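Residue numbers (the numbering used here), protein chains in the order written: chain A, 91 to 666; chain B, 29 to 468. Beta carbons are placed, not taken as given, at the ideal position from N, Cα and C, and that holds for glycine. Please read these numbers as outputs of a predicted model, since none were measured by experiment. Inspection log for the structure reproduced underneath, given as structure tokens.
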């Protein structure tokens, strides 16, 4: 059949625009339908309250006026903005060396460094917070030791600066993953040309490599910015309440109160997130990042001289030690008997793992299933949206991107309540409610994590040269075949990056899950962790479950990285 | 799902076959609870052993998520029971007609524990365990920071405790709310708020969930926490170096269970309620990992020696009479006042309190009437509230929070109260600074 298409090329080409258009419209209808059903409608049903007069229920904007008149909210908005910007700066400082050294140089252990660099993203709910306090808190290991030795106390986790510190440690992998994918795609010849012209060192990075990797960096940085702006877990962990997302959460989750303000803040968060995405897209608009030669082809990576190597390993080692310290704490906590006001636990035991493995296999297998399915849905949708936005001229196509990305700003509990409100009455053929079927948890995870995969896919697509697709089509390939055989393979790195971020973060999601779990046998690991962490005796078991989540994600990431690398190497081999 | 359907069928069949068979309910009983695994597992085991044919399906949700879940799923309710601590959550469910009244068969349960009624007066929810509020502290932390043993609420306002105390926001923790309300009713509105704010000046933070407080004390991030007793007892049971005291003004509060309206397995739900209150169910509460106070006085005969007994212990008998209706009517107002004048202004409040402690230190060494007068003025400014007790009981204010026929919106009050506190704290700061200069 393939040959036949090739021969019938002229005919196919004349018929193609129409069928391609059909395909585009079908894809748009499918994506809009999915997002409409599982994001827009449920969320709208919940946040409608923001536009209603509290006493009469009539449409009004007075709640937004109240928002603007409130000192606390304005201060919170300013704080959230400041923290987000500073977190992007710090996260970039953590991510740049890791990404640059491991991709552009011959670097032993690159796959391990990149895997370890993803781990900070997995901060298991509650257990991660306790571990973080035990290491960096005001009476954490570091401060207790500093107090003993030098009689000083460093407020790592106090106030806005504490939030910036924790957020940049937590979310820098977004930049790392996307930047790494982008850097891998840069043609090695660009660097060689610059070097031949006498450029080297930091100037080479600043003028040639970094600008070419811009799509990946922007993708990661905008994710960090929006995620930090919308994140409520870290500020609450540090007891910082004068930021926007915690204000929304505290109001929405107060027992039994009818209060529009929380939903007003949610609307503000959503609008602002979409707006900042738009601003980020301006940064790469009108620039061409595509290179025809892929990923350095058969050319060799640069070598470091011994002094450079020592420096590079030193910097990377230090960064990894800092960003993985919370997980070290989590590991200790999962093995600790009692750990209270001391630099290290009083004693060690394996009992917590025995308890968790005895009771919680179901949680682990459920998590693997749910997070992989969610990650798959996300990369399929992400690739499709990226293609529609970047390769077609359909009016309003950018709104697909904005709509999907708005999910970042929707608090999980709002999505969960929305699903119950919209679909509890809808039954499956078996008579079971849609919302008590386990797949609804997968959908919730997919919707919440879609923005991560989407940014990665967008960045990857920006680096694919259109001329390669045109070449394929000139040779008679249909649009569908071009996408399948040319575009998607060239995007592999970005797609894997998207899958890893979605999968990893879905594995520890709790807020929407907590609303939707209706059967312990369907519950994922994060829910089990929550159940353990509500009692003093369950703390070690919760940490053990958290460590298992970290290991699962770490292993999956390592496998994905190795597979992507092998795939790339195979392709490079076949082209040279 | 199949289980439930068949269980419904079986129950229906049994109902037709006659009363003799419907005595022993069967099937799955689904309970929504905020209690941890350490609490639910032993009770589930004992319940299933005592009621062969019934299995307990435990769904863990925090109290708020549980309330929302019951509300959103009422069209086709699949939950049988709601089981949690905070009485206010049950009040919300009852108001929304999401609970079902039931008349207890069990005998031997007194009407009140301390000053608090054990069961809802209309029969919608039932206390099965009592808990008292008090002060928990970490011994290692106290030793390292040279903290004295905290015995009374007023102790926590002393300079030694500055930046060492943690509490949960009363708006987020039904039990903390009751503690705040206890102090307000015990000492009176104005004096009560002054006490609370004097303590609050020493807070390290205001946690957003009840368990955040014992968590911070257990790991030694703060020294002292204002918590419900079983958090401290179960932490001791798990081996943490913590201790607990009941202050002389406190209250005991029942933890509750209720049958959800249109429960799919109503007979099973009733069996669970009866089991919790039966001697067998009450005895499980003595488990060191649970450590809650049974509501059946007879059970205390089997309790370990140091176990507090609210029915005989003097500390609990001396407790003031708690007006449940008064507390219920102004819940949202008290919680919002706390958040707007304390939680969201904590940095300012702490800074002034620190200076006040400094001033007290100076005055203790060398008396200075002018500085003392300025200090007292500052304390009065800090303690002042934007709303009097009479205003808090007014209908118009309450309606702003329920959203029914409100003339003024809640958001407007919040902004007004926050501005009031901010301005007063700024004035107080100026006074204290003047006093500090005068005292030199």
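Spatial neighbours of residue i within its chain, please: CB distance less than 8 angstroms, with the 5 preceding and 5 following residues excluded, ordered by chain position.
{"i": "residue 506 (chain A)", "result": "534, 601, 602, 603, 604, 605, 606"}
{"i": "residue 236 (chain B)", "result": "196, 197, 200"}
{"i": "residue 468 (chain A)", "result": "536, 539, 540, 542, 543, 544, 588, 589, 592"}
{"i": "residue 315 (chain A)", "result": "174, 175, 177, 178, 366, 370"}
{"i": "residue 140 (chain A)", "result": "153, 154, 350, 353, 354, 356, 357"}
{"i": "residue 389 (chain B)", "result": "187"}
{"i": "residue 452 (chain B)", "result": "409, 410, 412"}
Using a Cβ-Cβ distance under 8 angstroms, would residue i count as near chain A?
{"i": "residue 233 (chain B)", "result": "yes"}
{"i": "residue 362 (chain B)", "result": "no"}
{"i": "residue 344 (chain B)", "result": "no"}
{"i": "residue 319 (chain B)", "result": "no"}
{"i": "residue 168 (chain B)", "result": "yes"}
{"i": "residue 434 (chain B)", "result": "yes"}
{"i": "residue 9 (chain B)", "result": "No answer is possible for residue 9 (chain B): the residues shown for chain B start at 29 and end at 468."}
{"i": "residue 269 (chain B)", "result": "yes"}
{"i": "residue 451 (chain B)", "result": "no"}
{"i": "residue 139 (chain B)", "result": "no"}
{"i": "residue 406 (chain B)", "result": "no"}
Tell me where the beta strand (DSSP E) around residue i begins and ends.
{"i": "residue 590 (chain A)", "result": "Segment 582-596 is the alpha helix (DSSP H) holding residue 590 (chain A); no beta strand (DSSP E) there."}
{"i": "residue 85 (chain B)", "result": "82-88"}
{"i": "residue 233 (chain B)", "result": "231-235"}
{"i": "residue 65 (chain B)", "result": "Here residue 65 (chain B) belongs to no beta strand (DSSP E); instead the alpha helix (DSSP H) covers 65-78."}
{"i": "residue 283 (chain B)", "result": "280-288"}
{"i": "residue 196 (chain B)", "result": "193-196"}
{"i": "residue 273 (chain B)", "result": "270-273"}
{"i": "residue 111 (chain B)", "result": "109-112"}
{"i": "residue 61 (chain B)", "result": "55-61"}
Excluding sequence positions up to five away, which residues of its chain have a Cβ less than 7 angstroms from the Cβ of residue i?
{"i": "residue 631 (chain A)", "result": "442, 445, 446, 622"}
{"i": "residue 365 (chain B)", "result": "413, 415, 445"}
When you compare the CB positions of residue i and residue j, do they come within less than 8 angstroms of one another, or not?
{"i": "residue 59 (chain B)", "j": "residue 282 (chain B)", "result": "no"}
{"i": "residue 495 (chain A)", "j": "residue 311 (chain A)", "result": "no"}
{"i": "residue 296 (chain B)", "j": "residue 80 (chain B)", "result": "no"}
{"i": "residue 277 (chain B)", "j": "residue 211 (chain B)", "result": "yes"}
{"i": "residue 391 (chain B)", "j": "residue 379 (chain B)", "result": "no"}
{"i": "residue 72 (chain B)", "j": "residue 84 (chain B)", "result": "yes"}
Indicate whether at least one CB of chain B lies closer than 8 angstroms to the CB of residue i.
{"i": "residue 392 (chain A)", "result": "no"}
{"i": "residue 340 (chain A)", "result": "yes"}
{"i": "residue 233 (chain A)", "result": "no"}
{"i": "residue 515 (chain A)", "result": "yes"}
{"i": "residue 387 (chain A)", "result": "Annotation note: pLDDT 48 at residue 387 (chain A) (below 50); position unreliable, no value reported."}
{"i": "residue 220 (chain A)", "result": "yes"}
{"i": "residue 438 (chain A)", "result": "no"}
For the alpha helix (DSSP H) holding residue i, just list the boundary residues, first then last.
{"i": "residue 153 (chain B)", "result": "Unbroken run through residue 153 (chain B): none, as it is neither H nor E."}
{"i": "residue 459 (chain B)", "result": "438-467"}
{"i": "residue 226 (chain B)", "result": "217-228"}
{"i": "residue 102 (chain B)", "result": "Per DSSP, residue 102 (chain B) belongs to no alpha helix (DSSP H) and is neither H nor E."}
{"i": "residue 256 (chain A)", "result": "249-274"}
{"i": "residue 521 (chain A)", "result": "Counting along the chain, residue 521 (chain A) falls outside any alpha helix (DSSP H), and DSSP gives it neither H nor E."}
{"i": "residue 305 (chain B)", "result": "294-305"}
According to the neighbour-count rule (16 or more other Cβ atoms, all chains shown, within 10 Å of its Cβ), is residue i buried or exposed?
{"i": "residue 65 (chain B)", "result": "buried"}
{"i": "residue 94 (chain A)", "result": "Residue placement at residue 94 (chain A) is flagged as unreliable, the pLDDT there being 39, under the threshold of 50; the coordinate-derived value follows with that caveat. It counts as exposed."}
{"i": "residue 133 (chain B)", "result": "exposed"}
{"i": "residue 331 (chain A)", "result": "buried"}
{"i": "residue 613 (chain A)", "result": "buried"}
{"i": "residue 560 (chain A)", "result": "exposed"}
{"i": "residue 448 (chain A)", "result": "exposed"}
{"i": "residue 438 (chain A)", "result": "exposed"}
{"i": "residue 150 (chain B)", "result": "exposed"}
{"i": "residue 321 (chain B)", "result": "buried"}
{"i": "residue 520 (chain A)", "result": "exposed"}
{"i": "residue 451 (chain A)", "result": "exposed"}
Within a Cβ cutoff of 6 angstroms, which residues of the same chain sit near residue i, ignoring the five residues on either side of it in sequence?
{"i": "residue 383 (chain B)", "result": "460"}
Checklist line | Selection of the region 598-610 of chain A by Cβ proximity to chain E, strictly under 8 angstroms | finding: Looking for chain E here will not work: the only protein chains present are A and B.
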